[in-house]
Every structure is written in C-alpha cells, then in structure tokens.
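FYI, the numbering used here numbers position 129 of the sequence shown as 539, with every residue one higher than the one before it.
Just below is one structure, and these are the notes that go with it.
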Amino acid sequence: MKRIVIRKGDVFCAEIENEYKCYFQYIERDRTQLGSNVIRVFKKHYPIVYEPIINEIIKDEVSFYAHTILKFGVHDNVWHKVGTSKEVGDTRNVKFRMLGLGWYFWTINESIQKVGVLNETIRGYDFGWVFTYKEIIKKIKTGHYSDWLEFKERK
C-alpha cells in the first residue's frame, strides 16, 4: 500500500460525476474532534478540463468547512492532491456545532461549549461531525448532508 503524505495547506480536487471539478484545502488538524482533518470547500465549480491554478482556487469563497479523514478519499480515488499553499485563511474563527444531549459548539482546537438549544448564531456554524468522503461529496453536489443530519437539526 502506498504511503499517503498530507500536509496542512494541501489542495485537493474532486471530480463530480465527470461533469465538473470542485476544490478544497486541508487547513488544520482539530484535536477537539478526534484529531481529524478540517477542510474548507470552495464554492466555484470548474470545468472538467480545468488545469488548477492554486492561487486562483484559494481566493474563492468558502462554501463550507468540514471534518474528514483525507487519506481515505485519496486511497479510494475520490479526490487527489493538486498542489499546496501556505495561505489557509483565518482558522481561529472557524466554528462548528454538534447535537448531543443539547447543542454544542467550538472553534478549532478549543474546548467544546454547551449552549443547550439551537439559536440563530449556532445555526450558522458548520456541522462538526467527522464526515466520510461520501458525505463530503454529497454536500458538494447537493448542498446538504444525508437526511439523518437534517432530521437531527429539526429536533
């Protein structure tokens, strides 16, 4: 098995149903959430023939942030590394939320805070579960994770 080396700043490409490319960047390892990889997924969809220009890609607006395990997506050929950039954005203000026995939120590598009920501020944070590459691709394609997550938010 080939050893997969992934470093902060690496930019990845996912080809979506052979129709377009979407890019995301590994921005931080979050010790608060199982030491998983935090990525920022960019909004713009590129033609399938697009040759990546990293400086152009990372200037795009962020669609969402997520926790995942990057090496699984690389190993299963779901995405591949196309370059790297030291510019990873402001990771000190990336906030996540999660539902357990009440609602919780945190900033990367900081303590989890319980808020109890879902309020408008917390609703604007990205979900903080560690998502499989299938869930990341689904969110890129549809703008939503699986139905079970949407159901939990309505509770």
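Where is the CB? At the ideal position from N, CA and C, for every residue including glycine.
Could you please give me the residues that DSSP links to residue i through a beta bridge?
| i | result |
| --- | --- |
| E425 | K431 |
| V540 | H477 |
| N447 | R439 and T478 |
| K491 | F422 |
| L509 | W513 |
| K524 | Y514 |
What does the Cβ neighbour count give for residue i, buried or exposed, with the cut at 16 atoms within 10 Å?
| i | result |
| --- | --- |
| G538 | buried |
| H485 | exposed |
| I426 | exposed |
| N503 | exposed |
| G510 | exposed |
| N566 | Residue 566 falls outside the range modelled here, since the chain spans only 411 to 565, and no answer is possible. |
| K524 | exposed |
| D440 | buried |
| I518 | buried |
I'd like the list of long-range same chain contacts for residue i, defined as Cβ closer than 8 Å, with 5 residues on each side in sequence excluded.
| i | result |
| --- | --- |
| S495 | G419, V421, Q435, I464, N465 and I468 |
| Y535 | K505, F506, R507 and F515 |
| S569 | Residue 569 lies beyond the residue range present for the chain, which begins at 411 and ends at 565; the question has no answer from this structure. |
| V540 | Q443, L444, S446, H477, T478 and I479 |
Could you pull out every residue in the same chain whose Cβ sits closer than 6 Å to the Cβ of residue i, ignoring the five residues on either side in sequence?
| i | result |
| --- | --- |
| I414 | K481 and V484 |
So, at 7 Å on beta carbons, what are the nonlocal neighbours of residue i in its own chain, with the 5 sequence-adjacent residues on each side left out?
| i | result |
| --- | --- |
| I522 | T442, Y514 and W516 |
Curious, which full-length alpha helix (DSSP H) runs of at least 4 residues does the region 454-485 contain? 464-467 and 480-485
Counting Cβ pairs, one atom from each stretch, are 3 or more of them under 8 Å apart for the region 443-458 and the region 472-482? yes
Decide yes or no for the touch test of the region 544-554 against the region 514-531: beta carbon pairs closer than 8 Å, at least 3 of them. no
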